[in-house]
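Residue 10 is where the sequence shown starts when you use the numbering used here, and the numbers rise one by one after that. Cβ atoms here follow ideal geometry from the backbone N, Cα and C, with glycine treated the same way. Please read these numbers as outputs of a predicted model, since none were measured by experiment. The structure appears right after this line, and notes come after that.
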Amino acid sequence: MTLRTVTIILFALVINTYASSVQAKEKSTKPAGYTYGNRSLEKAPFTLADLEKLKATVLFTEEDAKWLRKSRKVLEPHAEEILDTWYGFVGSTPHLLAYFSSADGKPDGQYLARVRARFIKWIYDTADADYDQDWLNYQYEIGKRHHRIGKNKIDNAKAVDHIHGRYVVALTYPVTATLKPFLERSDYSPEEVNKMHQAWIKSVLIQSILWTEPYFKKGDF
Numbered sequence: 010m011t012l013r014t015v016t017i018i019l020f021a022l023v024i025n026t027y028a029s030s031v032q033a034k035e036k037s038t039k040p041a042g043y044t045y046g047n048r049s050l051e052k053a054p055f056t057l058a059d060l061e062k063l064k065a066t067v068l069f070t071e072e073d074a075k076w077l078r079k080s081r082k083v084l085e086p087h088a089e090e091i092l093d094t095w096y097g098f099v100g101s102t103p104h105l106l107a108y109f110s111s112a113d114g115k116p117d118g119q120y121l122a123r124v125r126a127r128f129i130k131w132i133y134d135t136a137d138a139d140y141d142q143d144w145l146n147y148q149y150e151i152g153k154r155h156h157r158i159g160k161n162k163i164d165n166a167k168a169v170d171h172i173h174g175r176y177v178v179a180l181t182y183p184v185t186a187t188l189k190p191f192l193e194r195s196d197y198s199p200e201e202v203n204k205m206h207q208a209w210i211k212s213v214l215i216q217s218i219l220w221t222e223p224y225f226k227k228g229d230f
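Given below as structure tokens:
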């Protein structure tokens, strides 16, 4: 057994312990810190017109939205396994795990568990997205939670206070590439699976771009 494998196993054990505790407390309620649609959210500085231009730039169409909606029933039964895959990647990649760790390098298990619960909701929200003002506002909120202006605050976490912007966009690939095997666990044809997968790639790219808005000087985004 390699050191990498041991690290992944230990990381998974820590997260599963905290995740079970968080889930037991939350039961059927929304995950802690999940504020999609909350009237108190700050209005996004980018507009619905900006979003339409961005969608056109990545060739996102209503057909993509249709296949995203179809993907929810495929992915929902595998949500926990999908998060195991994504968290396994983060846990075995030191420079990414550092963003969920304190200054002394110790991972914040409760923070990771809370983010995980919201990440599962994010899968469903991506599949069901209406691309309206509420959706835009929450993308801005998510972006702030990656940046020093908002990171850690909603969870009172003690992790490092800023995720470097380059990784916000770079993670589009591992998140979407590892999703395809789960989409293939369906009765859809390979062509239909590819349509769902392409829709996910486009949607995650749009979202990751929107999340970087706080990293730009005013007027540069």
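Write down every uninterrupted run of the alpha helix (DSSP H) in the segment 51-122 whose length is 4 residues or greater and which is fully enclosed by it, in chain order. 57-66, 71-84, 88-100, 103-106
Using three-state DSSP, classify Lys160 as helix, strand or coil. coil
Taking the beta carbon of Gly114 as the centre, do at least 16 other beta carbons fall within 10 Å, making it buried, or is it exposed? exposed
Own chain, CB closer than 6 Å to Ser217, minus 5 neighbours either side, in chain order: Val177, Val178, Thr181
Quick check: Tyr140 and Leu60, are their CB atoms within less than 8 Å of each other? yes
Hey, how far is the Cα of Gly97 from the Cα of Lys39? 24 Å
By how many angstroms is the C-alpha of Arg48 removed from the C-alpha of Glu90? 32 Å
Could you give the residue range of the alpha helix (DSSP H) that holds Phe191? 189-192
Provide the residue span of the alpha helix (DSSP H) that contains Leu145, from first to last. 142-155
Residue from Met205, Tyr224, Trp220, Pro223 with nearest C-alpha to Arg7: Any answer about residue 7 is impossible in this case: the structure gives the chain only from 10 up to 230.
Limits of the alpha helix (DSSP H) - the one that Gly174 falls within: 174-179
Could you check the C-alpha separation between Gly228 and Ala136 for me, to the nearest Å? 31 Å
How about Val202 and Leu192: do their beta carbons lie closer than 8 Å? yes
Contacting residues, own chain, Cβ-Cβ under 7 Å from Lys52 (five flanking each side not counted): Asn146
Where the alpha helix (DSSP H) through Asn203 begins and ends: 199-220
Grouping DSSP H, G and I as helix and E and B as strand, with all else coil, what is Asp232? Absent from the model: residue 232. The displayed extent of the chain is 10 to 230, so no value can be given.
Take Phe69 and list the residues in its own chain whose beta-carbon comes closer than 6 Å to its own, dropping the five residues that flank it on each side. Lys211
Buried/exposed call for Pro223, threshold 16 Cβ in 10 Å: buried
Using only CA atoms, which one of Val67, Thr44, Leu77, Ser195 lies nearest to Tyr133? Leu77
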